[in-house]
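Written out below as C-alpha cells is the structure these notes cover.
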Amino acid sequence: NAGVMQNPRHLVRRRGQEARLRCSPMKGHSHVYWYRQLPEEGLKFMVYLQKENIIDESGMPKERFSAEFPKEGPSILRIQQVVRGDSAAYFCASSRDSTYEQYFGPGTRLTVT
Amino acid sequence: EDQVTQSPEALRLQEGESSSLNCSYTVSGLRGLFWYRQDPGKGPEFLFTLYSAGEEKEKERLKATLTKKESFLHITAPKPEDSATYLCAVKSGGSYIPTFGRGTSLIVHP
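Printed below as a string of C-alpha cells:
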C-alpha cells in the first residue's frame, strides 16, 4: 500500500518566484490537510480540503497562498511571489474522513534564496 | 481553543532506561488523542489513537495511556532506534483539525 506521496522533496526558489507543492493521498483517502513546520516549532495547520472543496483554510495566509484538490490528480499548494520567510518544511496528510487519524507524507522542504 | 503541552521538551536516556513522556491537553469534548513519531527530515509517523479516559494501547516498547487531562507515552527498555521526536495531537468535537503539541525530543544513548 502506497502511503502519502509528496513531490518534490526539495524545492529551491528565488524570491519572487512561484512554488508548487504536490500531494497524492493514500489510496482510499479523500481528505487532505497541509501543514507547515519550522525548525524548533510545531506543526501549523494551513488548509483542509476534500475533492474539489476547501473545507477550512483558516491557517493559510490570505495573500500569495492557495490550495486545490481537483477531481482528478494530486492536491496542490501554491505559493506565489515567495519570500525568505516561506522557507520551511511543508507536510501533507490524508485521512479516510475527518474523524480518523491522519497519515503524513515525507514533506517538501522549500528553500527561498 | 484547544491546547496541548508536551513535557519534557527534550529527554536523554541510556539504552534500557524506561521513562514516560507527558501530553497535557485542554479541549472541549475530546474526539481523539493521537501520538506520532517524527524522525529528522521525515514526516510524522502515526503511532496511536486514544479516544476515552482509561484506554491504553501498546506497540513494541511503547505504551500510550489516557486520562481526562493528559496522556502518557511510556517507553520500556528503549533502544537507540527509538530516538526521535514524539508528537501529541488532540481533536475536539468542534473541529476537524487536530491541534499538535511541540513535541518531546528523545535521544537514547547506547
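As they're listed, the protein sequences go chains A and B. For the first sequence, the positions run 10 to 122 when this note's numbering is used. For the second sequence, the positions run 2 to 111 when this note's numbering is used. The beta carbon of each residue, even a glycine, is placed where N, CA and C say it ideally should be.
Closer than 8 angstroms, CB to CB, is residue i near chain A or not?
i	result
proline 81/B	no
proline 103/B	The sequence shown places arginine at residue 103/B, rather than the proline named in the question. Interface residue, yes.
proline 45/B	yes
threonine 50/B	yes
tyrosine 97/B	yes
Consult DSSP for residue i and reduce its assignment to one of helix, strand or coil.
i	result
arginine 62/B	coil
aspartate 3/B	coil
aspartate 106/A	coil
glycine 33/B	strand
arginine 118/A	strand
aspartate 40/B	coil
arginine 31/A	strand
arginine 13/B	strand
alanine 46/B	It is glutamate, not alanine, that sits at residue 46/B in the sequence shown. Strand at glutamate 46/B.
arginine 73/A	coil
glutamate 82/B	helix
Assuming residue i and residue j form a contact by the criterion Cβ under 8 angstroms, report the distance between their Cβ atoms to the nearest whole angstrom.
i	j	result
glycine 104/B	glutamine 4/B	Contact doesn't hold; Cβ gap of about 15 angstroms is too wide.
valine 13/A	alanine 102/A	7 angstroms
glycine 30/B	glycine 94/B	3 angstroms
arginine 13/B	isoleucine 76/B	Actually they are not in contact, since the Cβ atoms of arginine 13/B and isoleucine 76/B sit about 12 angstroms apart, beyond 8 angstroms.
leucine 63/B	leucine 74/B	6 angstroms
arginine 118/A	glutamate 27/A	Contact flag wrong, Cβ pair sits at about 17 angstroms.
valine 56/A	alanine 76/A	5 angstroms
cysteine 24/B	glutamate 71/B	6 angstroms
Using 8 angstroms as the limit for Cβ to Cβ distance, is residue i near chain B?
i	result
leucine 52/A	yes
tyrosine 99/A	no
Beta carbon of residue i: closer than 7 angstroms to some heavy atom of the ligand HEM?
i	result
leucine 14/B	Although the ligand HEM was asked about, the structure shown includes no ligands whatsoever.
Which partner residues of residue i appear in the DSSP bridge assignment?
i	result
arginine 22/A	Val121/A
histidine 38/A	DSSP output for histidine 38/A lists no bridge partner at all.
serine 20/B	Ile76/B
alanine 90/B	Phe35/B and Phe101/B
arginine 87/A	Arg29/A and Ser75/A
glutamine 46/A	Leu52/A and Ala98/A
serine 106/B	Ala11/B and Thr86/B
serine 25/B	Thr6/B and Glu71/B
glutamate 57/B	Thr66/B
glutamine 15/A	Cys32/A
isoleucine 64/A	Partner(s): none; isoleucine 64/A has no beta bridge.
For this session: With 7 angstroms as the C-beta to C-beta threshold (strictly closer), list the residues of the segment 63 to 84 of chain A near chain B in chain order.
Result: Ile64 and Asp65
For this session: Give the residues from the segment 23 to 42 of chain B that approach chain A closer than 9 angstroms (Cβ to any Cβ), ordered along the chain.
Result: Arg32, Gly33, Phe35, Tyr37, Gln39 and Gly42
For this session: Determine which residues of the segment 108 to 119 of chain A have a Cβ less than 9 angstroms from any Cβ of chain C, and write them out in chain order.
Result: You won't find chain C in this structure, because its protein chains are A and B.
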